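Colleague: Would you mind keeping the following structure in view while I ask a few things?
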Amino acid sequence: MKLTTLFLLAISALIIISCGTRIKGEGDVTEQRHDLPEFTEIQIGGVYEVVLTSGSNNPGITVVTNENIHDHIEIKVDHGELHIGSRDKYFDADELRLEIETDYIEEIDVSGAVDVEAFDLDTEEAEVSVTGAGEVDVRVEKSLDVSITGAGEVNYIGSPEVSESITGAGEIKQVKR
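In my numbering, the protein residues as written are 21 to 197.
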């Protein structure tokens, strides 16, 4: 059953990618910093490597990718929710990393093949939603609400009360760091 689910996800991803415009990374890999208003939720769609860190009184995001890719990544904060993605495009970049700084996060929602590493960000309660083949690593103390559709994975540090909903080949694991 898991093999069938993974196969269907792979076919779906290929269909979605073929409908979009491919942008090949050109030029040097550069960093661009974007200062942002405060946010408590993150929604990311596409194919990104994401690192969440705390300790900054100045929320923001640093995008690390090829020079020509920067202008095609959409970043906005709407009602406390950070949205990151691209419209009808996918990237063939040498590197595509997002370094997000915030002191507090309540919800992480990823779709596609987004990998989020947030072990360094302490949270009491969190909601994590993964659609596709993404992976989210979090540190949570009190409660963790996880929803996975597809072949996603959520790894967590801490001893929260966990509620889960999994459709497909997804998995949730408590890990030690």
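Glycine is no exception: its CB is placed at the ideal position from the N, C-alpha and C atoms.
This structure is a prediction, so every number in the text was calculated from the model and none was measured.
Mind reading off the beta-carbon distance from Gly105 to Gly66? Whole number of angstroms is fine, and I expect it under 8 Å.
Modeller: 5 Å
Colleague: What's the gap between the Cα of Ile35 and the Cα of Ser131?
Modeller: Note on Ile35: pLDDT 47, under 50, position unreliable in the model; the coordinate value appears next. Their backbone Cα atoms lie some 15 Å apart in a straight line.
Colleague: Can you tell me where the beta strand (DSSP E) with Gly80 in it begins and where it stops?
Modeller: 80-86
Colleague: Any idea what DSSP makes of Asp48, helix, strand or coil?
Modeller: coil
Colleague: Roughly how far, in whole angstroms, is the beta-carbon of Thr143 from the beta-carbon of Ile125, given that I think they are within contact range, below 8 Å?
Modeller: Contact between Thr143 and Ile125 holds: their C-beta atoms lie close to 6 Å from each other, under 8 Å.
Colleague: I need the straight-line Cα distance from Gly47 to Leu116, nearest angstrom please.
Modeller: 13 Å
Colleague: From Val156 to Leu164, what distance separates their C-alpha atoms?
Modeller: 12 Å
Colleague: Check each candidate in Val158, Glu121, Ala171 and name the one with the smallest Cα separation from Glu218.
Modeller: Nothing in the structure corresponds to residue 218, since the chain is present only between 21 and 197.
Colleague: What do you reckon, are the CB atoms on Thr82 and Arg53 nearer than 8 Å?
Modeller: Taking 8 Å as the cut-off, the Cβ atoms of Thr82 and Arg53 count as close.
Colleague: Run the CB neighbour count on Val134, radius 10 Å, all protein chains shown included, and call it buried at 16 or more, exposed below.
Modeller: buried
Colleague: Spatial neighbours of Ile120 within its chain, please: CB distance less than 6 Å, with the 5 preceding and 5 following residues excluded, ordered by chain position.
Modeller: The beta carbon of Ile120 sits closer than 6 Å to those of Leu72, Ile81, all from its chain and outside the five residues before and after it, given in chain order.
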